[in-house]
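Those letters in the sequence shown? Residues 1 to 283, by UniProt numbering. All remarks here apply to the structure that follows.
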Amino acid sequence: MTNHETGFAPVNGTELYYERAGSGDAVVLLHTGNGNTTIWDGQFEDLAQDYTVVRYDCRGFGRSGYPDEPYQSADDLAALLDHLGIERAHVIGPSFGGRIAVEFAVLHPARVRSLLLAAPVSREHEWTDEVNTNRMAEEDLIWAGDDDKALDISLGSWVAGPKRTLADMDPTLIARLRITATAGYDRRRRTVAETGNEPDELELVPNAAERLGSLQVPTLVLIGGMDQPDAIEIGERLARDIPGARAEYIDDLGHMITMERPEEFLQKARAFLAEAARAETAR
1 MTNHETGFAP VNGTELYYER AGSGDAVVLL HTGNGNTTIW DGQFEDLAQD
51 YTVVRYDCRG FGRSGYPDEP YQSADDLAAL LDHLGIERAH VIGPSFGGRI
101 AVEFAVLHPA RVRSLLLAAP VSREHEWTDE VNTNRMAEED LIWAGDDDKA
151 LDISLGSWVA GPKRTLADMD PTLIARLRIT ATAGYDRRRR TVAETGNEPD
201 ELELVPNAAE RLGSLQVPTL VLIGGMDQPD AIEIGERLAR DIPGARAEYI
251 DDLGHMITME RPEEFLQKAR AFLAEAARAE TAR
């Protein structure tokens, strides 16, 4: 891997940890809500053979700064790209990262070359009672310090999904996710203890749904057939409402599309990035 750079970028009153490697067109890798930069280990290095690849910890995650004032994740990404001297990028976002990718495209459309959304979620979605009940139970366990039981709920709901159990999943993947998610729980508790603020309560979220029709970038939405019905619905809505977007279903994968079969995801990502570049050249 060439030109591997790590650092902390001063961004909107905080610092974001980032890594950049490779050369060529820029590709930004956003992480999931239970992850950080490490979810891209292996894929980051692979893509850096042909692209300038950036991965970073969002505010409140990993090694980046605590949220202590109102902020917008999409604006943080724009400021990070400014710091790195990157004008435009292909943006890849799974789950929580997909939400940020869409918001970034809505607020900073000139900076997006394409969107690859893998099982994206949305703050504007009205979640089903089952998802809300699981989330509240997980929250209670997090603040009680019972991370193992909290993770059983979270991973059972979002990694295995409604059609599988954790016993059906690759144990190496589950162990990896437990490490990143536990670190996220710890980070969240420290944020509240040190600042008195819940990270989510400080995040300003634009109403992206009303502006999806304005997007004019190649967009691919990957949807896992084993995912939560809520997530499937969100993916289908985005594919329907973003002009020219298309949905691709992977029937035997769940919510963690980028991590369950990373090699397959890489193939799809590379094919889409090449397709988006050809479309841009043809315009």
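Where is the CB? At the ideal position from N, CA and C, for every residue including glycine.
* Helix, strand or coil at D94 [DSSP, three-state] -> Residue numbering aside, residue 94 sits at position 94 when the sequence shown is read from its first letter. Residue identity differs from the one stated: residue 94 is Pro in this sequence, not Asp. Strand at P94.
* Asked: Rounded to the nearest angstrom, how far is the Cβ of A79 from that of F104, given a contact under 8 Å?
  -> Within the sequence shown, the letter at position 79 stands for residue 79. Within the sequence shown, the letter at position 104 stands for residue 104. Wrong, their Cβ atoms sit about 11 Å apart, outside the cutoff.
* **Three or more C-beta pairs below 8 Å linking the stretch 4 to 16 and the stretch 62 to 71** => Because the criterion of three Cβ pairs below 8 Å is met, the stretch 4 to 16 and the stretch 62 to 71 touch.
* Considering only residues of the same chain and omitting the five flanking positions on each side of E5, which have a CB-CB separation below 6 Å? -> In the sequence shown, residue 5 corresponds to position 5, counting from 1. For E5, where only same-chain residues beyond five positions count, the Cβ hits under 6 Å are R20.
* To do: Mind listing, in chain order, the continuous beta strand (DSSP E) runs of no fewer than 3 residues lying wholly within the stretch 37 to 113?
  => Qualifying beta strand (DSSP E) stretches, in chain order: 52 to 56, 89 to 94.
* **Cβ separation of A160 and M169, assumed to be a contact under 8 Å, to the nearest whole Å** => Translated into the one-based positions of the sequence shown, residue 160 becomes position 160. Translated into the one-based positions of the sequence shown, residue 169 becomes position 169. Yes, A160 and M169 are in contact; Cβ-Cβ is about 6 Å, under 8 Å.
* To do: Determine the burial state of residue 287: buried for a count of at least 16 other Cβ atoms within 10 Å of its Cβ, exposed for fewer.
  => This structure cannot settle anything about residue 287, because the visible part of the chain is limited to 1 through 283.
* Asked: Less than 9 Å separating the beta-carbons of M226 and R164?
  -> Position 226 of the sequence shown, counted from the first residue, corresponds to residue 226. Position 164 of the sequence shown, counted from the first residue, corresponds to residue 164. In this structure, M226 sits near R164, with a CB-CB distance shorter than 9 Å.
* Asked: Can you tell me whether DSSP reads T2 as helix, strand or coil?
  -> The residue you call residue 2 lines up with position 2 of the sequence shown. If DSSP states are grouped into helix, strand and coil, T2 belongs with coil.
* Using the C-alpha atoms, what's the distance from T52 back to N36? -> Here residue 36 refers to the residue found at position 36 of the sequence shown. Here residue 52 refers to the residue found at position 52 of the sequence shown. Between N36 and T52, the C-alpha separation is close to 19 Å.
* **E260, buried or exposed, once every other Cβ within 10 Å from all chains shown has been counted against 16** => By one-based count along the sequence shown, residue 260 stands at place 260. Counting the other Cβ atoms within 10 Å of the Cβ of E260 gives 16 or more, which makes it buried.
* When the Cβ atoms of the stretch 133 to 149 are set against those of the stretch 173 to 189, are three or more pairs found closer than 8 Å? -> Contact between the stretch 133 to 149 and the stretch 173 to 189 is present, because at least three Cβ pairs lie under 8 Å.
* To do: Round the Cβ separation of T219 and A118 to the nearest angstrom and send it over; I've been treating them as touching at under 8 Å.
  => Here residue 219 corresponds to residue number 219 of the sequence shown, with the count starting at 1. Here residue 118 corresponds to residue number 118 of the sequence shown, with the count starting at 1. About 12 Å; that fails the 8 Å criterion.
* beta strand (DSSP E) segment containing T219, residue limits -> Translated into the one-based positions of the sequence shown, residue 219 becomes position 219. That run of the beta strand (DSSP E) goes 219 to 224.
* **CA nearest to the CA of R187, picked from N34, G224, V11, V131** => Position 187 of the sequence shown, counting from 1, holds the residue named residue 187. Cα-wise, what sits closest to R187 is N34.
* Name the residue from V131, N132, I153 whose alpha carbon lies nearest to the alpha carbon of L141. => Taking the sequence shown and counting its residues from 1, one reaches residue 141 at position 141. The candidate whose alpha carbon is nearest that of L141 is I153.
* Asked: Between the beta-carbon of V106 and the beta-carbon of S23, is there less than 9 Å?
  -> Taking the first residue of the sequence shown as 1, we reach residue 106 at position 106. Taking the first residue of the sequence shown as 1, we reach residue 23 at position 23. Not closer than 9 Å, so no.
* Sort out for me which residues DSSP pairs A26 with in a bridge. => Here the question's residue 26 lines up with position 26 in the sequence shown. In the DSSP secondary-structure assignment, A26 is bridged to T52.
* Simplified DSSP assignment, three categories, for I257 -> Here residue 257 refers to the residue found at position 257 of the sequence shown. Residue state, collapsed to three classes: helix.
* Take the Cβ of D76 as the centre, count every other Cβ of all protein chains shown within 10 Å, and call the residue buried at 16 or more, exposed below. => Translated into positions along the sequence shown, residue 76 becomes position 76. So D76 counts as buried.
* **Closest by C-alpha distance to L115, when choosing among L30, Y56, M136** => The residue labelled residue 115 in the question sits at position 115 within the sequence shown. Closest option to L115, judged by alpha-carbon separation, among L30, Y56, M136: L30.
* To do: Pull up the DSSP beta-bridge partners for A9, would you.
  => As a position in the sequence shown, residue 9 is number 9, starting the count at 1. Its beta-bridge partners are L16.
* Looking at the structure shown, is I242 part of a helix, part of a strand, or coil, going by DSSP? -> Counted from its first residue, the sequence shown places residue 242 at position 242. Three-state DSSP puts I242 in coil, outside helix and strand.
* Kindly indicate which residue of I250, V217, A9, L238 has the alpha-carbon position closest to the one of R88. => Residue 88 sits at position 88 when you count from the first residue of the sequence shown. Nearest of I250, V217, A9, L238 to R88, Cα basis: V217.
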